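Q: Following this message is one structure expressed as structure tokens.
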Amino acid sequence: MASDLSYEGHSADDLRAILRVPRLELRDVVASTLDLAHELARSGAPAGTLVLADAQTEGRGRGGRAWTSEAGSGIWLTLLERCNRGSADLVSIRLGLLVAQAIDIYAGGTVLLKWPNDLYVEGGKLAGILVESRWRGDQIEWMAIGMGINLRAPAGVPGARGLRPGTSRIDVLRAIVPAMRAAAAAAGPLSEEEMRNLETRDMARGRRCSQPASGRVCGISADGTLAIHSAAGVVLAHAGSLVLEDEA
Numbered sequence: 000m001a002s003d004l005s006y007e008g009h010s011a012d013d014l015r016a017i018l019r020v021p022r023l024e025l026r027d028v029v030a031s032t033l034d035l036a037h038e039l040a041r042s043g044a045p046a047g048t049l050v051l052a053d054a055q056t057e058g059r060g061r062g063g064r065a066w067t068s069e070a071g072s073g074i075w076l077t078l079l080e081r082c083n084r085g086s087a088d089l090v091s092i093r094l095g096l097l098v099a100q101a102i103d104i105y106a107g108g109t110v111l112l113k114w115p116n117d118l119y120v121e122g123g124k125l126a127g128i129l130v131e132s133r134w135r136g137d138q139i140e141w142m143a144i145g146m147g148i149n150l151r152a153p154a155g156v157p158g159a160r161g162l163r164p165g166t167s168r169i170d171v172l173r174a175i176v177p178a179m180r181a182a183a184a185a186a187g188p189l190s191e192e193e194m195r196n197l198e199t200r201d202m203a204r205g206r207r208c209s210q211p212a213s214g215r216v217c218g219i220s221a222d223g224t225l226a227i228h229s230a231a232g233v234v235l236a237h238a239g240s241l242v243l244e245d246e247a
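Take a look at the structure:
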């Protein structure tokens, strides 16, 4: 990493202090912040290590889908955490809820959660979350929590949204990094407060879907399970992708 590399005028050391993380790896361009985070984890990087890049050439979302990550157009980062198994099950949903709250002010509207790991505003996709765990036996050795937030909607990506013009990436990072750490540290089912927040931010409740089953979305339970009312009865989905009929 070049010593003069900066992000919005801040060095890696500046950002580490601002964001209060034990280690921060800053890159101008990287294939994937997730892949770099895994490399760092294998070499012993501590929990709380943050990988931040101005651009990614191989950014990815769920199912290996490409994520447009051009220089200066968004916030591309991965947080490394070392946690127990219990805290991993709900991290995507918890993180989505906490980050949605944190960036409402920058999004120009209420940020909604689409199960299991996408954030939407005004009907378009604003951000994506991808959590990858590495196991040793039946224990999680580490989790790499990747996130991409569009600062501005990428050209040629239908339905994408960005944050309000003039939004500072540093301000957004100040808001979301503590939220990411809190989500990773939490364990157990969603609390009553989290469930109330989810009820107001669940963009799919009551809408028809074609995947992971055909039917109408009933909602998300405290353990993160998606319930769909189908012709054959209630279908429970613990993982997968949700495709709504009006966006298929």
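The opening position of the sequence shown corresponds to residue 0 in numbering that gives the first Met the number 0, with each subsequent residue numbered one higher. Here a beta-carbon is modelled for each residue, glycine too, at the ideal position from N, C-alpha and C. The structure presented is a predicted model; accordingly, all values stated were derived computationally and were not measured.
Can the beta-carbon of residue 226 be found less than 7 Å from the beta-carbon of residue 218?
A: The residue given as residue 226 occupies position 227 in the sequence shown. The residue given as residue 218 occupies position 219 in the sequence shown. A contact, by the Cβ cut-off of 7 Å.
Q: What's the C-alpha gap between residue 140 and residue 99?
A: For the purposes of this step, residue 140 is taken as the residue at position 141 of the sequence shown. For the purposes of this step, residue 99 is taken as the residue at position 100 of the sequence shown. About 27 Å.
Q: From residue 245 to residue 22, what distance separates their C-alpha atoms?
A: As a position in the sequence shown, residue 245 is number 246, starting the count at 1. As a position in the sequence shown, residue 22 is number 23, starting the count at 1. Taking the straight line from one Cα to the other gives about 43 Å.
Q: Can you find the residues in the same chain that come closer than 7 Å, C-beta to C-beta, to residue 31, ignoring five residues on each side of it along the sequence?
A: Against the sequence shown, residue 31 aligns to sequence position 32. Counting only Cβ-Cβ distances below 7 Å, and skipping sequence neighbours, we find 55, 57, 58, 59.
Q: Could you compute how far the alpha carbon of residue 152 sits from the alpha carbon of residue 35?
A: Walking along the sequence shown from the start, residue 152 turns up at place 153. Walking along the sequence shown from the start, residue 35 turns up at place 36. Each residue's Cα considered, the two are about 25 Å apart.
Q: Quick check on the DSSP output: the alpha helix (DSSP H) that includes residue 179 runs from which residue to which?
A: Sequence index remark: in the sequence shown, residue 179 carries index 180 (1-based). Run containing residue 179: 168-184, per the alpha helix (DSSP H) assignment.
Q: Looking at residue 14: is its Cβ nearer than 7 Å to the Cβ of residue 48?
A: On the sequence shown, residue 14 is found 15 positions in, with the first residue counted as 1. On the sequence shown, residue 48 is found 49 positions in, with the first residue counted as 1. For residue 14 and residue 48, no; Cβs fall outside 7 Å.
Q: Should residue 135 go down as buried or exposed, given a rule of 16 or more other Cβ atoms within 10 Å for buried?
A: Residue mapping note: residue 135 aligns to position 136 of the sequence shown, counting from 1. Its Cβ having fewer than 16 others within 10 Å, residue 135 is exposed.
Q: Using 8 Å as the cut-off, can you tell me whether the segment 107-119 makes contact with the segment 179-190, which would need three or more C-beta pairs spanning the two stretches below that distance?
A: The segment 107-119 vs the segment 179-190: no contact.
Q: May I have the straight-line CA-CA distance separating residue 1 from residue 25, to the nearest angstrom?
A: Looking up residue 1 in the sequence shown gives position 2. Looking up residue 25 in the sequence shown gives position 26. Here the model assigns residue 1 a pLDDT of 48, short of 50, so the residue's position is not dependable and the matter cannot be decided.
Q: Please name the residue in 101, 6, 223 whose C-alpha comes closest to that of residue 113.
A: Position 114 of the sequence shown, counted from the first residue, corresponds to residue 113. With distances taken between Cα atoms, residue 113 lies closest to 223.
Q: Please name the residue in 234, 168, 92, 211 whose C-alpha comes closest to that of residue 188.
A: Stepping through the sequence shown from its first residue, residue 188 is reached at position 189. If we check each option's Cα against that of residue 188, 92 comes out closest.
Q: Determine the burial state of residue 199: buried for a count of at least 16 other Cβ atoms within 10 Å of its Cβ, exposed for fewer.
A: Within the sequence shown, numbered from 1, the residue matching residue 199 stands at position 200. Counting Cβ neighbours within 10 Å, residue 199 comes out exposed, since fewer than 16 surround it.
Q: Could you please give the first and the last residue of the uninterrupted alpha helix (DSSP H) stretch that includes residue 32?
A: What you label residue 32 is simply residue 33 of the sequence shown in a count that begins at 1. Start and end: 32-41.
Q: Run through the segment 95-169 for me and flag every whole alpha helix (DSSP H) of 4 or more residues, listed as ranges in chain order.
A: none
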